[in-house]
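Single-structure report; data block below.
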Amino acid sequence: MLIFLPMVKRSLVLTAILFGLIVWSCEDLEDCAGVVGGDSVCGCMDSTATNYDSTATSDDGSCEYDTAPPTVIITTTFSGSVYEIVAISVMVSDDVGIMKTELWIDGVATGVIDDTEPYLLLWNTTSYNDSTDYVIVIRAYDTSGNTTDSDPLTLTVDNSLAVPSSVQLYPVTYQDDTFMISWSQNDDDDLLSYNLYESMSEGGTAIDETSSGMELIYTTNTRDDTTFTVTGISPGEERYYQVMVSDTLGLTSNSNIESGIGSLISLWANTYDYMGYSDWGNSVIEVSDGYWALGVMNGQKRLMKTDLEGNLILDRYDLGYGYGNQILESSDGSLYVFGGSNFPNSGDYQMTIQKLDNGGNVIWGSYFDDDSWGYGGLLSQNDETIIYGEKDGYGVVYTHNDSMEWELVVSDESMDRVKGMVEIENGGGYYIAFSKDYETKIIKTDNSFSEVEDITISGYCRSISLAGDGNLLITLQMGENEHKVAKLDPSTGQDIWAETATGLYNSFQLGTNYFALGHSESGALFLKLDEDGSVITSTTFGSGILSGYSLTSDGGIIITGTTSYWNDEQSDTPLYKTNLSGELGATFSLVQGSGQLLRMDNSRDSNLIPVQINKKQSD
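FYI, in my numbering the residues of the sequence shown are 101 to 719.
Structure follows, in structure tokens:
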């Protein structure tokens, strides 16, 4: 039976059929993961893969992986042993990316890494054995976990080369029950501290506190803090001191050991005359049982010895014609006497050195057989001395040994004479002062006497010494009646400070104070200056001139010179035993010399042993 629907109803039925067909078709479709009607996002879900897709919800097996390792090359070159912190630079590359670089030593990871370009690894060698070879490898890691080692590099560790520069502990001085202790400044970039040690007995060192009895009494991290005072010292008490320098890596070095004796300084003044002749003391030193003084008397070398209270023990004039300029005690207790000799009727002058035993007896004598002047000085260097003065009108420096051999090591024909020489601490070489007219050239050399640099300054050098901070202390004659003492920067030639006077002939530093000796219109002049060069004390010791000095074991100063200015008809050699304030005790009566005045013939003094000079050396 046929049923005819109205037109509206027929349309609704067709729509419903069509919708059903669509719904059935959608529900039957699969997503990329094969899920009917699913909404998966297919891709590489392995985060270690190079094509990792963070949006993927279904892994489609498309992951690709980095299997190529990085490349790594050590770019730092090394020569000799390494020490302290060793910087190792490397060049690393990878087609994907670098995660980090790491230092390996002898097949063991050190934990020293760098994950930022440019790659630099810092190896602290201070915990490794000295004089030992180590195999160095830098391992590079890429972001995929691949690794590559650099070519191995063998390095030798020697941290003995890296210990901090030691400081010089100056002689301990005693005053008012107090030890004044001072040392030179350390200028290393990695300085950490000064550590002052004290011991009540001899033989200890700061290295081993337990066994030596050394006790740490002071520490400072300030570079220019180089002084310390110890109070409560009893008369007769002796203590020993040493300064240990520490750097930021924990490496250390020790200074020399100095002792201090709590004794009251003996103060006195004495003059020593011989038969009314004019004489002058140029040099004085302290030995264990007294003082030796050297100078000139009526054209003869004069050598005196006194006890510690100034009483004359020996007074002799048999060392030859000429002048004695400097006396020095060697390590074995013998004496070196340096100056010049002139021989009657010859008109010749020669630099002369003599070696004496500790009783003042001549062991040997040697002269430089050429036109030369001993108005210089000498330094002791084990079994060798360094002598400086003038030859043929220009400044020279020679070495001289116990075989009486002379060797020219430095000369400057543009300058008249070498007037001063000082050894730089810690094997740094020498400063040598050449002078001509009112000009001084200071040459710095290495230990082999090869010139490093030089500066030229105004003034004629009278003395030169090394200040505690590495600068120079110099005494200069600027004009006929104008002298100055100055602390000088040797790299620029500029004065750090300066003090002027009518006449100054010597200067030195003790602790934080500076001292200058000479003369003024009022008489023999003693100046004490503070660390900035300002005068603290200005004292005159009667008439005359102060020239030579030596520091004494009881914290005082022994000084010589002459009692009258050189234009006066007659003068005597004085010895002044003073404290750091320039105070003197009672003045003694004049002492008649007991030495024997000897004459020499033109064949030269029998005590002078002629030495044949290699003319190539003396040119």
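Ideal Cβ positions, reconstructed from N, Cα and C, are used throughout, including at glycine. None of these values were measured; they are calculated from a predicted model.
Straight-line gap, Thr637 to Leu604 (C-alpha atoms, nearest Å):
Residue mapping note: residue 637 aligns to position 537 of the sequence shown, counting from 1. Residue mapping note: residue 604 aligns to position 504 of the sequence shown, counting from 1. Those two C-alpha atoms are separated by around 15 Å.
Residue closest to Thr319, alpha-carbon to alpha-carbon, out of Ser607, Gln342 and Asn295
The sequence position of residue 319 within the sequence shown is 219, counting from 1. Looking at the Cα atoms, Asn295 is the closest of the given residues.
Where does Asn356 sit, in a helix, a strand or coil, going by DSSP?
By one-based count along the sequence shown, residue 356 stands at place 256. When DSSP states are grouped into helix, strand and coil, Asn356 belongs to the coil group.
CB-CB length for Gly474 against Gly440, believed under 8 Å:
What you label residue 474 is simply residue 374 of the sequence shown in a count that begins at 1. What you label residue 440 is simply residue 340 of the sequence shown in a count that begins at 1. Right, their Cβ atoms sit about 4 Å apart.
In chain order, what residues of the same chain have a beta carbon less than 7 Å from the beta carbon of Ser140, not counting five sequence neighbours either side?
Position 40 of the sequence shown, counted from the start, is the residue given in the question as residue 140. If we look at Ser140 and ignore the five residues flanking it on each side, its Cβ neighbours are Asp131, Cys132, Ala133, Thr157 and Ser158.
CA-to-CA distance, Tyr530 to Val509, given in whole angstroms:
Stepping through the sequence shown from its first residue, residue 509 is reached at position 409. Stepping through the sequence shown from its first residue, residue 530 is reached at position 430. Cα-Cα distance, rounded: 12 Å.
Could you check whether Val552 and Val518 sit closer than 7 Å to each other, using their CB atoms as the reference points?
The residue labelled residue 518 in the question sits at position 418 within the sequence shown. The residue labelled residue 552 in the question sits at position 452 within the sequence shown. Not in contact: Val518 and Val552 (Cβ atoms no closer than 7 Å).
Measuring only the C-alpha atoms, how far is Thr499 from Leu479?
Position 399 of the sequence shown, counted from the start, is the residue given in the question as residue 499. Position 379 of the sequence shown, counted from the start, is the residue given in the question as residue 479. For the pair Thr499 and Leu479, the Cα-to-Cα distance works out to about 9 Å.
I need the straight-line Cα distance from Asp471 to Asp516, nearest angstrom please.
As a working mapping, residue 471 is identified with position 371 in the sequence shown. As a working mapping, residue 516 is identified with position 416 in the sequence shown. In a straight line, the C-alpha of Asp471 is about 13 Å away from that of Asp516.
Measure the Cβ-Cβ separation of Thr348 and Leu292 and say whether it is below 7 Å.
Taking the first residue of the sequence shown as 1, we reach residue 348 at position 248. Taking the first residue of the sequence shown as 1, we reach residue 292 at position 192. For Thr348 and Leu292, yes; Cβs fall inside 7 Å.
So what does DSSP say about Gly656, is it helix, strand or coil?
Translated into the one-based positions of the sequence shown, residue 656 becomes position 556. Residue state, collapsed to three classes: coil.
What did DSSP end up calling Glu551 once you bin it into helix, strand or coil?
Here residue 551 refers to the residue found at position 451 when the sequence shown is read from its first residue. Assigned with DSSP and collapsed to three states, Glu551 falls in strand.
Between which two residues does the beta strand (DSSP E) harbouring Leu221 extend?
Mapped onto the sequence shown, residue 221 falls at position 121. For Leu221, the enclosing beta strand (DSSP E) covers residues Tyr219 to Asn224.
Of the choices Ile487, Tyr676 and Thr600, whose alpha-carbon is the least far from that of Gly381?
Position 281 of the sequence shown holds residue 381. With distances taken between Cα atoms, Gly381 lies closest to Tyr676.
For Asp457, does the count of other Cβ atoms within 10 angstroms reach 16, so buried, or fall short, so exposed?
Counting from 1 along the sequence shown, the entry for residue 457 is found at position 357. Label assigned to Asp457: exposed.
Neighbourhood of Ser653 by C-beta distance below 8 Å, restricted to the same chain and skipping five residues each side:
Taking the sequence shown and counting its residues from 1, the one referred to as residue 653 is at position 553. Excluding sequence positions up to five before and after Ser653, its CB lies within less than 8 Å of the CB of Pro271, Ile361 and Glu386, all in the same chain and listed in chain order.
Enclosing beta strand (DSSP E) for Val345 [first to last residue]:
Translated into the one-based positions of the sequence shown, residue 345 becomes position 245. Val345 -> beta strand (DSSP E) spans Glu338 to Asp347.
Is it buried or exposed, Ile173, if we count other Cβ atoms within 10 angstroms and call 16 or more buried?
Within the sequence shown, residue 173 is the residue found at index 73, counting from 1. By the Cβ neighbour-count rule, Ile173 is exposed, with fewer than 16 other Cβ atoms within 10 Å of its own.
Using beta-carbon positions only, say whether Leu576 and Lys584 come within less than 7 Å of one another.
To locate residue 576, count along the sequence shown from 1; it is residue 476. To locate residue 584, count along the sequence shown from 1; it is residue 484. Between Leu576 and Lys584, the C-beta gap is smaller than 7 Å, which places the two residues in contact.
Quick one: grab the DSSP three-state call for Leu408.
Along the sequence shown, one-based indexing puts residue 408 at 308. Leu408 falls in the coil class under three-state DSSP.
Pair within 7 Å by beta-carbon distance, Thr663 and Ser671
Residue numbering aside, residue 663 sits at position 563 when the sequence shown is read from its first letter. Residue numbering aside, residue 671 sits at position 571 when the sequence shown is read from its first letter. Their beta carbons are under 7 Å apart, which means Thr663 touches Ser671 by this criterion.
Measuring only the C-alpha atoms, how far is Lys491 from Gln426?
Translated into positions along the sequence shown, residue 491 becomes position 391. Translated into positions along the sequence shown, residue 426 becomes position 326. For Lys491 and Gln426, the distance between alpha carbons rounds to 18 Å.
Between Thr155, Asn151 and Thr171, which lies nearest to Glu164 when the distance is taken from Cα to Cα?
Here residue 164 refers to the residue found at position 64 of the sequence shown. Cα-wise, what sits closest to Glu164 is Asn151.
Whole runs of the alpha helix (DSSP H) within the segment 258–324, excluding any shorter than 4 residues:
Fully enclosed alpha helix (DSSP H) runs of no fewer than 4 residues occupy 309–312 of the segment 258–324, in order along the chain.
Using the beta-carbon count (16 or more within 10 Å), is Lys300 buried or exposed?
In the sequence shown, the residue the question calls residue 300 occupies position 200. Checking the sequence shown, residue 300 turns out to be Met, not Lys. Exposed, by the Cβ-count rule.
When DSSP builds the beta bridges, which residues end up paired with Val141?
On the sequence shown, residue 141 is found 41 positions in, with the first residue counted as 1. Partner(s): none; Val141 has no beta bridge.
So, with DSSP's three-state summary, where would you put Asn382?
For the purposes of this step, residue 382 is taken as residue 282 along the sequence shown, with counting starting at 1. In this structure, Asn382 counts as strand in the three-state DSSP scheme.
Rounded to the nearest angstrom, how far is the Cβ of Leu419 from that of Gln454, given a contact under 8 Å?
Position 319 of the sequence shown holds residue 419. Position 354 of the sequence shown holds residue 454. Yes, Leu419 and Gln454 are in contact; Cβ-Cβ is about 6 Å, under 8 Å.
Just to confirm, are Gly648 and Val384 a CB contact at a threshold of 7 Å?
By 1-based counting over the sequence shown, the position of residue 648 is 548. By 1-based counting over the sequence shown, the position of residue 384 is 284. Val384 is positioned such that its CB atom lies closer than 7 Å to that of Gly648.
Short check: CB of Asn356 to CB of Leu269, under 7 Å?
The count along the sequence shown starts at 1 and reaches residue 356 at position 256. The count along the sequence shown starts at 1 and reaches residue 269 at position 169. Result yes, Cβ atoms of Asn356 and Leu269 sit closer than 7 Å.
Look up Asn526 in the DSSP assignment and say whether it is helix, strand or coil.
By 1-based counting over the sequence shown, the position of residue 526 is 426. Three-state DSSP puts Asn526 in a helix.
Taking its Cβ as the centre, do 16 or more other Cβ atoms sit within 10 Å of Val235, making it buried, or is it exposed?
Reading the sequence shown from its first residue, position 135 is the one you call residue 235. With a 10 Å radius around the Cβ and a threshold of 16 neighbouring Cβ atoms, Val235 comes out exposed.
Do Met404 and Ala393 count as a contact pair if the criterion is CB distance below 7 Å?
Sequence index remark: in the sequence shown, residue 393 carries index 293 (1-based). Sequence index remark: in the sequence shown, residue 404 carries index 304 (1-based). With contacts defined as CB atoms closer than 7 Å, Ala393 and Met404 qualify as a contacting pair.
List the residues that DSSP assigns as beta-bridge partners of Val437.
Along the sequence shown, one-based indexing puts residue 437 at 337. Assignment of beta-bridge partners to Val437 by DSSP yields Ile427 and Gln454.
In the DSSP assignment, what are the bridge partners of Pro674?
In the sequence shown, the residue the question calls residue 674 occupies position 574. Paired residues: Thr371.
With DSSP run on the structure shown, which of helix, strand or coil describes Ala624?
Translated into the one-based positions of the sequence shown, residue 624 becomes position 524. Three-state result, Ala624: strand.
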